[in-house]
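Q: Here this note's numbering is used: the sequence shown runs in plain steps of one and ends on residue 97.
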Amino acid sequence: MPGNPVAVFVCFLMYVMPLIRALGGAKWVEPRRFMLPAAFAFAGRKPGRREFWRGMIVDQAGRMAVDKFARDGSGLISGLTAADGLIDIAEEHGDVAVGDLVPFIPLSEFGIR
């Protein structure tokens, strides 16, 4: 497990919680991902590593979109209090432009909120 608080939280949700449930005899159910337009741009991302960014649902002219926190360091836990879920950026994904569809996992998929 990583040592930064947000990284630990995300790894627990994505890897440890399913393992604990499986060891307890529960069936693993993959969290649902909803494709939402990005309300942000992120340039300079190097493919090759899967990332989970904290995201919040925003209204863009009557349409739902997802925005990411401007400060997203894995040691900054304050963003978790306002996060609605996780933006799941696949290993092969590079830059994100405004309007790109990105997978969003609501925290409610983990029984939170």
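Where is the CB? At the ideal position from N, CA and C, for every residue including glycine.
Keep in mind it's a predicted model, so treat the numbers as computed, not measured.
1. What does the alpha-carbon distance come out to for the pair R38 and A6?
2. Under the rule that 16 or more other beta-carbon atoms within 10 Å means buried, what is P(-11), buried or exposed?
3. Using CA atoms only, rank isn't needed, just tell me which of A22, I73, G69 and D84 is closest to K(-7).
4. List the whole-angstrom C-beta distance separating A25 from V82, where the pair is believed to meet the contact cut-off of C-beta under 8 Å.
5. Using 8 Å for Cβ pairs, my map puts P31 next to E76. What's the rounded Cβ distance?
6. Between R97 and the rest of its own chain, which residues show a CB-CB distance below 6 Å, the 5 nearest in sequence each way excluded?
7. Would you mind reading off the limits of the beta strand (DSSP E) that contains I71?
8. Within 10 angstroms of its Cβ, does K11 collect 16 or more other Cβ (buried), or is it exposed?
9. Hey, could you find the ends of the alpha helix (DSSP H) G83 is sitting in?
10. Given this structure, state the Cα-to-Cα distance separating P87 from F36, to the nearest angstrom.
11. Which same chain residues, not among the five before or five after A23, have their C-beta less than 8 Å away from its C-beta?
A: Result, derived from the coordinates:
1. 26 Å
2. exposed
3. Here residue -7 turns out to be Phe, not Lys, going by the sequence shown. Residue G69 is the option with its Cα nearest to F(-7).
4. 5 Å
5. 5 Å
6. L91
7. G69 to I73
8. exposed
9. Counting along the chain, G83 falls outside any alpha helix (DSSP H), and DSSP gives it neither H nor E.
10. 10 Å
11. V42, Q44, A49, V50, D51 and V82
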